[in-house]
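For the sequence shown, this note's numbering begins at 157 and goes up steadily by one.
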Amino acid sequence: MTATGNWKELAAAKQKERQDSIPREWILSPDALPAPDVKNVIGVAQTCGVLDARDLEITENVDIELLLSKLAKGEWTAVEVTRAYYKRAIVAHQVVSVKIRNSAEINYSFAVCCW
């Protein structure tokens with residue numbers, strides 16, 4: 157086996173391992189993924205169906221004081237906040253991975269697709 161073949165097999169195995177580690181209910185359906193020619197993917201988190209209204213409320217909050225206040229008052233739990241951000245990161249990762257595989261151009265909007 158050539159060195160080229162070896163790294164390709166290793167990369168494919170790692171990609172499968174990563175995909176298999178995502179909870180099934182958080183995997184984006186093919187119709188939730190943006191088309192390869194779409195450059196602005198900022199709204200994917202809101203439309204993909206993985207995050208519910210509460211997840212979006214939590215992760216779209218940009219005011220740390222509000223987040224801390226809601227945690228302190230028990231309106232949000234640490235587990236709930238962590239899970240919401242984790243789900244959003246998983247969605248972003250899937251969109252970025254698809255975009256990178258489908259395009260040689262890596263755009264800043266991919267990195268902030270779900271924020």
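Even for Gly, the Cβ is constructed at its ideal location relative to N, Cα and C.
Here the structure is a predicted model, which is why all the values come from computation and not from measurement.
| Check | Outcome |
| --- | --- |
| Helix, strand or coil for V252 per DSSP? | helix |
| Measuring straight from C-alpha to C-alpha, what distance separates V251 and R210? | 21 Å |
| Looking at V247: is its Cβ nearer than 9 Å to the Cβ of V194? | no |
| Label A191 either buried or exposed according to how many other C-beta atoms from any shown protein chain fall within 10 Å of its C-beta, with 16 as the threshold for buried. | exposed |
| Buried or exposed, going by whether 16 or more other CB atoms sit within 10 Å of the CB of W232? | buried |
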